[in-house]
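Novice: In my numbering, the protein residues as written are -9 to 499.
All residues carry an ideal CB built from backbone N, CA and C; glycine is no exception.
Dumping the structure here so I can ask a few things about it.
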C-alpha cells in the first residue's frame, strides 16, 4: 500500500495551484520586460537600445521593430562567438557555464547554444511544474512515490575553452540535486556512460533493482531500451519488471507513430504526456488529460513570437522573408501554422528555433508541434508539414494493421518529373504499390494544396519498405545515437542520395 503517495500527491497539487499561469498574455509581457531590463547593458542590449525600447508605450511592437530575426548561424557569428572567445556581457550578463550541443536532425556540424544559470533554473521550474501537473491525471498513488527513469544523453560532459559542453538532456540530468538521487534513475554512474549501447546494457542489468513509476525520453530510443530490458529478463511485458510504471513523458518527436508498438510492451495502462524541451529551453508541456496539446511555458524566461508559416513569409530554407508579419501571443489565431521565434534568458534574441507550431486553445496557450521550417515539403507547391505527413502515416498504420514508426521522404526528380519518394520502416505484407496508393489518397484528402500539386507538377509518389531498424542504423552510421537524436523526416536530394546509398549498402550485407 502506498503510504507516501497521497502525501506527495497533495503537496504536488498545492504546488500546481500556486505555479499555474492564469493570464498567459500578461505573463509574456512581464517576461519580455524582464529580459530587456536584465540585458539592457550587454553589448547586444546597448546595440539595439533595450533601454529605449523599455520606455515605449508598446514594448512588444518596439522590440519587434528594433531587433531583427536571427537564425543560429547569424546569432553565433555576430554575437555568441564573442562570448565563446571569453568576452562577458555579450548577449546576456556574465558568461554561461554550459553550452548545449544540438544533435537533432539538421546540419552536418553540431551547434553549441549557451545555457545560463537562469536557463537551468527555468528548465528546473518547468520540470517541477510538469511533475506537479500529474495530479490532474488519474494516476495511482504508487506512481507518486516510485522512481523516474530518464533516458537522455550522457552526463559525461566535455570541457572545452572554459565551457562544459553536452546535450541539453545531459546538462539537465547533471544538475539534478543530490537529494533527488533516491528517485532518479539510471543514476549518475550509468548516466555518465557515453556509449549508448553500453548504457542501455547497464540499465537492463539493474532494472529489477528499481521501482520505476515514470519514464522520460524520445520514443524511438525508449522503445529500444524497453525491449532490451525485457529481453535481458525474458519478460513479456515491461510491467513484469516495473509493476508501478504509470507515466511516460514523451518528447522530441510525435508519439503517435510509436503508440501501437510501445503499447504492446505494456500490460497495464500508461499515461502518455507530451513535452517540448529543446536545446534553447523548456518550451511547453502537457498539463491536463483532456488533450494531447502542450501548454507554452509563458512565465519561464522565454518570450515567444509567431510568424504565419506560409510560402509568402517563410523561404524554402526556413528563413523569414522581409516584410513578414510577426505576432505576439495576444494576436495569434487557432489552427494556423506559425514559425516559432524565441528570446530567452540564455541570450537568444528573436531566434528562429526552426520549429512550426499551431495553437489548439488560445486562452490556455496550448500548442502542437506541426513540423520544422526546413522540413516543409513544398518543392512543387504541395505544402506538406511534418504533422500532416505523420497524420497520414498514422492512418496508414490503422488501414493496414501495421506499425510504421519511422519514415523519410524527398521530392526527387525521376526522368525529369518530380515524385515524392518515401521510405517507410515497416514489416507489413502490403505491397509498396498498395501503400503508395493509400498514402497518396490520404494526403490528398487531408491537404488541398497537395491535391492540386498532384494534378500539376507532382507526378506521383513511390514507396519503399525497409526494416525499421535501418533508421537507427543510419543514426549510428552518422555517429548520432540515443539522447535527443531524431530521424530526418524530409531530406533534400543530395542528402537523400546518401541515404539511398546507405540503404542499398545495408541490403547487400
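What would DSSP say about residue 135, mapped onto helix, strand or coil?
Specialist: coil
Novice: What is the DSSP secondary structure of residue 481, counted as helix, strand or coil?
Specialist: coil
Novice: Quick check on residue 223: does DSSP put it in helix, strand or coil?
Specialist: Reduced to three states, the DSSP call for residue 223 is coil.
Novice: Please go through the stretch 302 to 374 and give each complete alpha helix (DSSP H) segment of 4 or more residues, from N-terminal end onward.
Specialist: none
Novice: For residue 236, count neighbouring Cβ atoms within 10 angstroms of its own Cβ and tell me buried if that reaches 16, exposed if not.
Specialist: Residue 236 should be labelled buried.
Novice: Would you call the CB atoms of residue 238 and residue 286 closer than 8 Å?
Specialist: Going by beta carbons, residue 238 and residue 286 fall outside the 8 Å limit.
Novice: Starting from the N-terminal side, write out each stretch of the beta strand (DSSP E) that is 3 residues or longer and does not extend beyond the stretch 430 to 478.
Specialist: 448 to 456
Novice: Please determine, among 144, 443 and 203, the residue with the shortest C-alpha to C-alpha distance to residue 182.
Specialist: 144
Novice: Alpha helix (DSSP H) containing residue 247: first to last residue?
Specialist: For residue 247, the enclosing alpha helix (DSSP H) covers residues 246 to 253.
Novice: With DSSP as the reference, label residue 17 as helix, strand or coil.
Specialist: In the structure shown, residue 17 sits in a helix (DSSP, three-state: H, G or I).
Novice: In the DSSP assignment, find the beta strand (DSSP E) that holds residue 415 and state where it starts and stops.
Specialist: 407 to 415
Novice: Across which residues does DSSP place residue 293 in a beta bridge pair?
Specialist: Assignment of beta-bridge partners to residue 293 by DSSP yields 333.
Novice: Assuming residue 240 is part of the beta strand (DSSP E), what are its boundary residues?
Specialist: 237 to 241
Novice: Just how far apart, CA to CA, sit residue 343 and residue 359?
Specialist: 12 Å
Novice: Does any heavy atom of the ligand FAD sit closer than 7 Å to the C-beta of residue 445?
Specialist: The ligand FAD is not part of the structure shown, which contains no ligands of any sort.
Novice: Going by DSSP, which residues form a beta bridge with residue 266?
Specialist: 274
Novice: Once DSSP output is grouped into helix, strand and coil, what is the label at residue 92?
Specialist: strand
Novice: In whole angstroms, give me the CA-to-CA distance for residue 448 and residue 410.
Specialist: 8 Å
Novice: From residue 391 to residue 420, what distance separates their C-alpha atoms?
Specialist: Near 10 Å, if we compare the C-alpha coordinates of residue 420 and residue 391.
Novice: Between the beta-carbon of residue 215 and the beta-carbon of residue 243, is there less than 8 Å?
Specialist: With a cutoff of 8 Å on beta-carbon distance, residue 215 and residue 243 are scored as not near each other.
Novice: Is the separation between the beta-carbon of residue 90 and that of residue 103 shorter than 8 Å?
Specialist: Yes. Within cutoff.
Novice: Within the continuous beta strand (DSSP E) that includes residue 260, where are the two ends?
Specialist: First-last for residue 260: undefined, no H or E at that position.
Novice: Can you tell which of 77, 493 and 316 has the C-alpha that lies nearest to the C-alpha of residue 463?
Specialist: 493
Novice: From this set, 195, 326 and 160, which residue's C-alpha is nearest residue 223's C-alpha?
Specialist: Closest option to residue 223, Cα to Cα, is 195.
Novice: Can you give me the C-alpha to C-alpha distance between residue 163 and residue 451, rounded to a whole angstrom?
Specialist: 43 Å
Novice: Going by C-alpha to C-alpha distance, which of 466, 356 and 62 sits closest to residue 13?
Specialist: 356
Novice: DSSP on residue 398, reduced to helix/strand/coil?
Specialist: strand
Novice: Assuming residue 295 and residue 316 are in contact, meaning their beta carbons sit under 8 Å apart, how far apart are those beta carbons, in whole angstroms?
Specialist: 5 Å
Novice: Helix, strand or coil for residue 81? Go by DSSP, reduced to three states.
Specialist: coil
Novice: Taking the CB atoms as reference points, tell me whether residue 248 and residue 395 lie closer together than 8 Å.
Specialist: yes
Novice: In the DSSP assignment, the beta strand (DSSP E) including residue 124 goes from what residue to what residue?
Specialist: Looking at the DSSP string, residue 124 is not in any beta strand (DSSP E), and its letter there is neither H nor E.
Novice: Taking a contact to mean a Cβ-Cβ separation below 8 Å, would you say residue 87 touches residue 107 in this structure?
Specialist: Going by beta carbons, residue 87 and residue 107 fall inside the 8 Å limit.
Novice: I'd like to check one pair, residue 437 with residue 373: are the Cβ atoms closer than 8 Å?
Specialist: yes
Novice: Helix, strand or coil: which one does DSSP assign to residue 403?
Specialist: strand
Novice: Alpha carbon to alpha carbon, what distance is there between residue 126 and residue 277?
Specialist: 8 Å
Novice: Report yes or no: do three or more beta-carbon pairs, one from the stretch 45 to 56 and one from the stretch 65 to 81, lie closer than 8 Å?
Specialist: Fewer than three beta-carbon pairs drawn from the stretch 45 to 56 and the stretch 65 to 81 are found closer than 8 Å, and the two stretches are therefore not classed as touching.
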